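Undergrad: Chains as they are written, first to last, in the working numbering: chain A, 1 to 99; chain B, 100 to 198. A virtual CB, placed ideally from N, CA and C, is assigned to each residue, including glycine. Please read these numbers as outputs of a predicted model, since none were measured by experiment. Let me give you the structure first, and then I'll get to my questions.
2 protein chains.
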Amino acid sequence: MIDFDQLDKVIHEKARLSIMTLLAGHDDWSFQDLKSELGMSDGNLITHLRILAGAGFVEEERDDSGSRPRTTYKLTKPGRKAFKEYIDVLEAIVRAAKP
Amino acid sequence: MIDFDQLDKVIHEKARLSIMTLLAGHDDWSFQDLKSELGMSDGNLITHLRILAGAGFVEEERDDSGSRPRTTYKLTKPGRKAFKEYIDVLEAIVRAAKP
Numbered sequence: 001m002i003d004f005d006q007l008d009k010v011i012h013e014k015a016r017l018s019i020m021t022l023l024a025g026h027d028d029w030s031f032q033d034l035k036s037e038l039g040m041s042d043g044n045l046i047t048h049l050r051i052l053a054g055a056g057f058v059e060e061e062r063d064d065s066g067s068r069p070r071t072t073y074k075l076t077k078p079g080r081k082a083f084k085e086y087i088d089v090l091e092a093i094v095r096a097a098k099p
Numbered sequence: 100m101i102d103f104d105q106l107d108k109v110i111h112e113k114a115r116l117s118i119m120t121l122l123a124g125h126d127d128w129s130f131q132d133l134k135s136e137l138g139m140s141d142g143n144l145i146t147h148l149r150i151l152a153g154a155g156f157v158e159e160e161r162d163d164s165g166s167r168p169r170t171t172y173k174l175t176k177p178g179r180k181a182f183k184e185y186i187d188v189l190e191a192i193v194r195a196a197k198p
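Okay, here's the thing in structure tokens:
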């Protein structure tokens, strides 16, 4: 039996799942790139990034060295682990649904 | 890019996802079997089954022929289609996450 309780609530929310999937794909997304890739409003994206940061899954990095300050986002080690566990449950659901 | 908006809200909720996964596996679950398999309370299970029925994804069937009336639940045709589409998105997420 699949343990649906293992689906982390923080990750399961659709917008956050989309952010986590992008961040898992490659490191160092800028806010603007995330925003245009996901088609989310500034406020919405900020809210969900904060929730993910609050859970310890995402960290932001400020780079003030260039002419413009640039903020990038990436998964933390616990974020990568939690996402992997989440994906394992999804995989079990897909397997159960496609016998 | 994965279309996260395609993740049907009715199905994406954890409890309903667990119900849909069971119903997709085989037909005709009794209320008691669903309840014991999922470890949900009567009220919780009834609420989510009603939402799934309201979306047209699940139908109930009453059988009063035996000594005890028996109610069973199964996916409707649109329910099966919606679940398949949902699972297709999950599969795309799993693929993206496990390159």
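State buried or exposed for ARG95(A), treating a residue as buried only when at least 16 other CB atoms are found within 10 Å of its CB.
TA: exposed
Undergrad: Comparing C-alpha positions only, which one of GLU160(B), GLU136(B), PHE130(B) and ARG161(B) sits nearest to THR146(B)?
TA: PHE130(B)
Undergrad: Whole-angstrom Cβ separation of PRO177(B) and GLY155(B), contact assumed at under 8 Å?
TA: 5 Å
Undergrad: Within 7 Å (strictly less), CB to CB, does THR21(A) reach chain B?
TA: Yes, contact with chain B.
Undergrad: Using a Cβ-Cβ cutoff of less than 6 Å, which residues in the same chain neighbour ALA191(B) once the five nearest sequence positions on both sides are dropped?
TA: ILE101
Undergrad: What's the gap between the Cα of ASP116(B) and the Cα of ASP64(A)?
TA: The residue asked about is misnamed: residue 116(B) is Leu in this sequence, not Asp. Computed Cα separation, rounded: 44 Å.
Undergrad: For VAL58(A) and chain B, any beta-carbon pair shorter than 7 Å?
TA: no
Undergrad: Between VAL40(B) and chain A, is any beta-carbon pair separated by less than 7 Å?
TA: With chain B covering only 100 through 198, there is no way to say anything about residue 40(B).
Undergrad: Quick check on the burial criterion: 16 or more other C-beta atoms within 10 angstroms. Buried or exposed for HIS26(A)?
TA: So HIS26(A) ends up on the exposed side.
Undergrad: Whose Cβ in chain B lies nearer than 8 Å to the Cβ of SER147(A)?
TA: Only positions 1 to 99 of chain A appear in the structure, and residue 147(A) is not among them; the question remains open.
Undergrad: By how many angstroms is the C-alpha of GLY43(A) removed from the C-alpha of VAL188(B)?
TA: 26 Å
Undergrad: Under 8 Å Cβ to Cβ from SER80(A), same chain only, skipping five residues before and after it: list those, please.
TA: The sequence given here places Arg at residue 80(A); Ser does not occur at that position. Excluding residues up to 5 positions away in sequence, ALA24 lie with their Cβ nearer than 8 Å to the Cβ of ARG80(A) in the same chain.
Undergrad: For TYR159(A), which option in GLU59(A), LYS35(A) and PHE4(A) has the closest C-alpha, if you only look at C-alpha atoms?
TA: This structure leaves residue 159(A) out entirely; chain A is present only between 1 and 99.
Undergrad: I'd like to know whether the C-beta atoms of LYS14(A) and PHE182(B) end up nearer to each other than 7 Å.
TA: no
Undergrad: Please classify GLU112(B): does DSSP put it in a helix, a strand, or coil?
TA: coil
Undergrad: Report the residue ranges of all alpha helix (DSSP H) runs contained in full by the segment 106-177 of chain B; include only those spanning at least 4 residues, in chain order.
TA: 108-111, 113-124, 130-137 and 141-153
Undergrad: Which whole-angstrom value is the C-beta distance of GLU61(A) and THR71(A), which I expect to be below 8 Å?
TA: 7 Å
Undergrad: At a CB-CB cut-off below 8 Å, which residues of chain B make contact with HIS12(A)?
TA: HIS111 and LYS113
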